[in-house]
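Counting from 1, position 185 in the sequence shown corresponds to residue 188 in the working numbering; the numbering is continuous, with no gaps.
We put the CB at the ideal spot given by N, CA and C, even for glycine.
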Amino acid sequence: MPINVSADFCKLCFMDAAWVGVAVTGVIAIVGWVVGAFKHAGEKRAQKRADQLQQDRDDLARRLVEAQEKIASLNQELLEAARQQADSAEKIAVLKQDESNRFRWEIVHEKGAVYRVTNKSNRVAYDVWFTTDNPMNRPGYIEVSELRSGGSFEFMYWAAAGPDFNYDMVIKWKDEFGNSYERAERFSKEHPTLITE
4 MPINVSADFC KLCFMDAAWV GVAVTGVIAI VGWVVGAFKH AGEKRAQKRA
54 DQLQQDRDDL ARRLVEAQEK IASLNQELLE AARQQADSAE KIAVLKQDES
104 NRFRWEIVHE KGAVYRVTNK SNRVAYDVWF TTDNPMNRPG YIEVSELRSG
154 GSFEFMYWAA AGPDFNYDMV IKWKDEFGNS YERAERFSKE HPTLITE
């Protein structure tokens, strides 16, 4: 038996099919837009991250260049210091060859408890520091920033036991090149004491 389909029914079916096509197209468009939005957001994040990495790399490269320049500067200073040290050592060796250029100190009893230390060398002594074993001395040491040839200073020493005893002292100083010296010696009330480097 033949099926009788009315024209209205066919129109209705055709319209439903058209709406279904529009709906499917709309869904596809929305899905495409959502996927595009996610893709665009991902690309923006990736670009932002790439820009940050590039900036970090540029900052690191700049710091590396600064560090290399600082190292080069410090190497120059080190070379200069080594050259100056070699020059100093050479000059000191020359000075020491000549006996008149050696440091010499003389300790002489003046009167009572007063003694005098004199720079008998031909050189200036710097940052001179002097002390004795006498517990009566206060503050216990003497400091002189510069003592030229022939320059001197006094110190007090109260001997507990007669003139025959030797007393202990320490003298420290620097030469014109900054080299340090130190001598620990005994001195006597009766006889001048000569100390050499």
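Which whole-angstrom value describes the C-beta separation of Arg-126 and Ser-91, a residue pair presumed to lie in contact below a C-beta threshold of 8 Å? Rounded, the Cβ-Cβ distance is 14 Å, inconsistent with contact.
Output the distance between the C-alpha atoms of Met-172 and Leu-81, rounded to the nearest integer angstrom. 37 Å
*Please confirm whether Phe-180 and Tyr-118 have their CB atoms less than 7 Å apart.*
no
Handout entry: Of the residues Ile-110, Val-37, Lys-94, the one placed nearest Asn-104, counting alpha carbons only
Key = Lys-94
Integer Cβ distance of Asn-122 from Ala-128, believed to fall under 8 Å:
5 Å
Can you tell which of Val-120, Arg-66, Ala-75, Trp-161 has its C-alpha closest to the C-alpha of Glu-146? Val-120
| said: Just to confirm, is the Cβ distance from Phe-190 to Tyr-170 under 7 Å? | reply: yes
- prompt: Considering only the beta carbon of each residue, do Glu-109 and Pro-195 sit closer than 7 Å?
  reply: yes
Original post:
Near Gly-39, which residues of its chain fall below 8 Å by C-beta distance, leaving aside the five closest residues on each side in sequence?
Top reply: none
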